[in-house]
Amino acid sequence: GAVVSQHPSRVICKSGTSVKIECRSLDFQATTMFWYRQFPKQSLMLMATSNEGSKATYEQGVEKDKFLINHASLTLSTLTVTSAHPEDSSFYICSANPGQGGETQYFGPGTRLLVL
Amino acid sequence: AQSVTQPDIHITVSEGASLELRCNYSYGATPYLFWYVQSPGQGLQLLLKYFSGDTLVQGIKGFEAEFKRSQSSFNLRKPSVHWSDAAEYFCAVGNQGGKLIFGQGTELPVKP
């Protein structure tokens, strides 16, 4: 149980285009999902908290107009990188909290984004 | 401010040897503590967690961790490492809102 999927697993795009990444909780409902960014050989940095039915909460220094988050249902959150640039190239990982107490997060397999 | 420190960026162990990965945290209240493992290019898998109760917690794959409040530590241990344990290990502290703060990670190659 507690499986989280991400799609796509990797994407290459041209500079200036937008890319959408999906995060799905497959066997549980998640009122809260989280989006992280990980640079090579570095730790995960929380970008934003995605709340079903309301606006996402962004961490300090994260541009909300660049990283659009939509949590339209209890099993799906999307991250759209708008007008992507090479410096946006990174590994993006989502996680979901079943909300049954314990605050355990379950992580997706990640999406590798390369912006040319 | 909440923070997590993993003092060892890189540790090499031989297969069959014991392992201890260090984790120190800074948190104002009783923390939720986690250890995750990440294989190259993959997401994170939960090894174990501590919320309350017995300070020695058992996890998957033969890992255990001990919460020591006096030392603000939550070190991960395994008595005998297998080659498949080669990965990166992250300690994290969480709050009731569900946010996680991760340590820098410890890279663990395993020598045959």
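Chains A and B are the protein sequences, given in the same order.
According to our numbering, the first sequence holds residues 240 to 355 in order.
According to our numbering, the second sequence holds residues 32 to 143 in order.
Think of the CB as a built atom: it goes at the ideal place given N, C-alpha and C, for glycine as much as any other residue.
Here the structure is a predicted model, which is why all the values come from computation and not from measurement.
- Taking CB atoms only, ASN336/A has a neighbour in chain B less than 7 Å away.
- Within the model, the alpha-carbon separation for LEU285/A versus SER45/B is close to 33 Å.
- The region 282–300 of chain A makes no contact with the region 247–260 of chain A: fewer than 3 CB pairs, one atom from each, lie closer than 8 Å.
- Linking SER244/A to CYS252/A through their CA atoms gives a straight-line distance of about 21 Å.
- Bounds of the beta strand (DSSP E) holding GLU95/B are 95–99.
- At least one C-beta of chain A is nearer than 7 Å to the C-beta of PHE133/B.
- Around the CB of ARG276/A, 16 or more other CB atoms lie within 10 Å, so the residue is classed as buried.
- In this structure LYS142/B is not in contact with LEU50/B, their Cβ atoms being roughly 12 Å apart against a cut-off of 8 Å.
- Between the alpha carbons of PRO62/B and TYR56/B lies a distance of about 9 Å.
- No residue range can be given for GLY128/B, since it is assigned to no beta strand (DSSP E) and is classified by DSSP as neither H nor E.
- A distance below 6 Å between beta-carbons, with the five flanking residues on each side excluded, links ARG351/A to the following residues of its chain, in chain order: ARG249, PHE330.
- In the three-state reduction of the DSSP assignment, SER115/B falls in the helix class, which pools H, G and I.
- Residues of chain A whose Cβ lies closer than 9 Å to the Cβ of PHE121/B are, in chain order, SER282, LEU283.
- DSSP, reduced to helix, strand and coil, places GLN89/B within a strand of the structure shown.
- For ASN106/B, same chain residues with a beta-carbon under 7 Å away, outside a window of 5 residues either side, are GLU51, LEU52, ARG53, CYS54, ALA96, GLU97 in chain order.
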